[in-house]
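Residue numbers are given in this note's numbering: position 317 of the sequence shown equals residue 400, and the series is strictly consecutive.
A short write-up of the structure that comes next.
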Amino acid sequence: MFRSEVYTKRRSGLHKLMKSGIGLFIGNTDSPMNYPANPYHFRQDSDFLYYFGLDLQGLTGLMDFDSGKDWIFGNEFDLDDIIWMGPQPSVKELAEKCGVVNTAPLAKLEAVIRDALSKKRKIHFLPPYRAENKISLGKLLENNPCELKAKASAELIKAVISMRSIKEAVEIEEIEKAVAITWEMHVTAMKMCKPGIREQEIFGTIEGIALAHGGGCSFPVILSINGQTLHNHDHSNILQRGRMMVTDAGAETNLHYSADITRTTPVGGKFSQKQKEIYEIVLNANTSAINAARPGISNKDLHLNACKVIAGSLKELGLMKGDTAEAVNAGAHALFMPHGLGHMMGLDVHDMEALGEDYIGYNEKVKRSDQFGLAFLRFALPYQPGHVFTVEPGIYFIPQLIDKWRAEGKFTEFINYSKVEKLKDFGGVRIEDNVLITEKGHKLLGKPIPKTVADIEAVCSK
Ligand code: GLY
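Next comes the structure, spelled out in structure tokens:
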């Protein structure tokens with residue numbers, strides 16, 4: 084945990100933003116995997132972590148925005164727990180760690196909420212996403228658990244987003260630690276990227292690195308020689324020369340701050356001429372987007388600029404044609420890059436996604452596009468100092484998408500299908516880094532992970 088003042092300051096910031104009512108933050112509980120006592124790896128809720136920091140199951144935080152008082156509700160460990168788990172702190176001792184003085188058992192929470200409901204006080208809560216928490220919240224609020232997401236407090240969502248979006252210095256330090264672990268994961272994957280090895284072996288090795296140095300992976304590792312599938316979690320292939328391995332993986336620190344990096348490595352360590360041509364385009368889109376990142380410019384502008392770099396260079400290779408700006412405006416480039424340039428990152432790898440992507444990356448003035456490709460952009464607003472983003476352009480040859488668009492005669496004025504057809508077995512390339520927006524520009528977070536053709540070939544040759 085950070086020092087208790089970090090959490091006290093954050094809660095006092097939220098008290099100032101919220102006018103009245105009660106803010107309810109239900110922490111996560113253990114979730115059974117195959118029988119009740121065999122749970123999945125515990126991951127605390129990120130909003131609970133942000134305001135209360137306690138990384139234990141079964142706790143609820145409450146902020147009374149009228150009285151200014153904060154509470155931790157939780158049940159004391161009993162002797163049975165201590166026999167199996169060893170000595171445990173009291174709820175009071177836990178609460179002190181995050182600067183909260185008021186504590187009570189969970190049964191008291193029910194009474195507090197019942198009293199507030201009877202007085203028609205507003206109970207603000209964030210959208211629940213776990214079944215266990217939906218049920219607890221439903222019981223507390225005497226409401227249908229399936230309908231609670233829609234009843235979450237927009238006022239609380241917006242206030243939390245306004246705070247969590249701007250990273251504090253202690254958070255940046257944590258994210259840089261996460262990138263340092265991720266450096267080790269990627270360099271290891273590059274060195275292992277040799278013909279004959281099974282993807283699973285590399286996947287397991289890098290997941291082990293994330294666990295050995297931090298809280299594990301910030302999301303399930305994406306690692307495949309079929310990199311044309313954007314989120315490929317099948318690791319059953321044997322690496323073959325002539326393919327490239329896309330590794331999209333990041334560590335989480337012990338305090339649960341994320342990194343999210345992608346590298347693409349040729350199997351056997353040497354890029355072919357064709358691989359190099361496509362790789363260099365993605366690299367140029369990645370570096371020019373990073374170089375342009377600064378306060379004021381929007382993530383949507385950066386995304387569209389990267390798409391223009393990609394479309395313009397694919398035109399030079401003869402895969403696209405026509406006017407590049409018109410092609411990007413029409414969305415023709417999305418055949419090759421169907422996803423957004425990047426997303427916010429912090430305590431969640433897609434930061435705050437549980438609160439609703441449209442609340443995070445869009446507003447009353449900036450609405451989400453419904454154009455294929457651009458519709459997947461998670462954040463369209465201008466950057467502000469303190470934002471942390473991924474920058475992750477890619478080029479993919481997705482056979483099913485190529486076949487569909489060709490059959491529909493889609494964008495024949497911008498796409499040279501006869502040439503694209505020849506690359507249907509190419510796979511994909513994605514290159515991703517993590518960037519902090521500073522007052523004047525940006526900072527690439529963490530120790531740079533090899534990404535030029537020469538650097539990757541040098542690592543692979545070791
Ligand atoms: N790097 C995985 C993702 O952004 O979803």
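Glycine included, every Cβ here is placed at the ideal spot set by N, Cα and C.
Return the Cβ separation of residue i and residue j in integer angstroms, given the expectation that the two are a contact with Cβ distance under 8 Å.
i, j, result
"Gly333", "Ile344", "6 Å"
"His386", "Gly439", "Going by Cβ atoms, the distance from His386 to Gly439 rounds to 20 Å, so no, they are not a contact pair."
"Tyr134", "Leu97", "7 Å"
"Leu145", "Leu107", "6 Å"
"Ile579", "Val350", "An answer regarding residue 579 cannot be provided, because it is not within the stretch 84 to 545 covered by the chain."
"Gly209", "Ala237", "Correcting the residue identity first, residue 209 is Leu in this sequence and not Gly. Actually they do not touch by this definition, with Cβ atoms about 10 Å apart."
"Ala252", "Gly297", "So it is not a contact: roughly 19 Å between Cβ atoms."
"Arg461", "Gly310", "Going by Cβ atoms, the distance from Arg461 to Gly310 rounds to 20 Å, so no, they are not a contact pair."
"Gly182", "Tyr90", "6 Å"
"Ala368", "Val392", "4 Å"
"Met546", "Ile380", "No statement about residue 546 is possible, as the shown extent of the chain runs from 84 to 545 and does not include it."
"Ser95", "Phe148", "That pair is no contact at about 11 Å."
"Gly511", "Arg326", "Wrong, their Cβ atoms sit about 10 Å apart, outside the cutoff."
"Thr370", "Arg346", "Not a contact, Cβ separation roughly 14 Å."
"Ile539", "Thr348", "6 Å"
With DSSP collapsed to three states, give me the class of residue i.
i, result
"Met268", "helix"
"Asn121", "coil"
"Lys526", "strand"
"Leu107", "strand"
"Pro531", "coil"
"Thr186", "strand"
"Arg247", "helix"
"Phe354", "coil"
"Glu515", "strand"
"Arg204", "coil"
"Arg281", "strand"
"Phe494", "coil"
"Arg346", "strand"
"Pro170", "coil"
"Ser87", "helix"
"Asp153", "strand"
"Ser544", "coil"
"Pro378", "coil"
"Pro115", "strand"
"Ile485", "helix"
Apart from the five residues on each side of it in sequence, which residues of its chain come closer than 8 Å, Cβ to Cβ, to residue i?
i, result
"Ser544", "Gly352"
"Arg324", "Pro278, Val350, Gly351"
"Asp486", "none"
"Glu225", "Leu200"
"Met275", "Glu284, Ile285, Thr288"
"Glu267", "Ile292, His296"
With 16 other CB atoms within 10 Å as the buried threshold, where does residue i fall?
i, result
"Val184", "exposed"
"Gly28", "Residue 28 lies beyond the stretch modelled for the chain, which goes from 84 to 545, so this question has no answer here."
"Asp164", "exposed"
"Ala293", "buried"
"Ser319", "exposed"
"Gln127", "buried"
"Gly456", "buried"
"Ser341", "buried"
"His316", "exposed"
"Cys300", "buried"
"Lys217", "buried"
"Pro211", "buried"
"Glu257", "buried"
"Tyr118", "exposed"
"Gly401", "exposed"
"Met273", "buried"
"Phe125", "exposed"
"Ile364", "buried"
"Asn111", "buried"
"Gln358", "buried"
"Ala437", "buried"
"His547", "This structure does not reach residue 547, given that the chain is present from 84 up to 545, and the question cannot be answered."
Here's a check: name, in chain order, each residue in its chain whose Cβ is nearer than 6 Å to the Cβ of residue i, leaving out the five neighbours to either side.
i, result
"Phe160", "Gln171"
"Gly395", "Thr407"
"Trp154", "Leu145, Asn185"
"Gly136", "Met84, Tyr90, Cys181"
"Gly524", "Arg377"
Report all residues from its chain with a CB closer than 7 Å to the CB of residue i; omit the five preceding and five following residues, and keep chain order.
i, result
"Ala410", "Ala394, Met403, His416, Phe497"
"Gly414", "Gln454, Phe455, Gly456, Leu457"
"Gly425", "Asn382, Phe472, Thr473, Val474, Glu475"
"Asp113", "Pro122, Phe125, Gln140"
"Val432", "Ser301, Phe302, Gly333, Ser341, Asp343"
Checklist entry - Which ranges would you report for the beta strand (DSSP E) in the segment 399-479 if only whole runs of at least 3 residues count? => result 471-474, 477-479
Checklist entry - What residue ranges within the segment 122-149 form continuous beta strand (DSSP E) runs of no fewer than 3 residues, ordered along the chain? => result 143-147
Item to check | Residue ranges of each beta strand (DSSP E) within the segment 295-343, 3 or longer | outcome: Along the length of the segment 295-343, whole beta strand (DSSP E) runs at least 3 residues long occupy 305-307, 327-332, reported in chain order.
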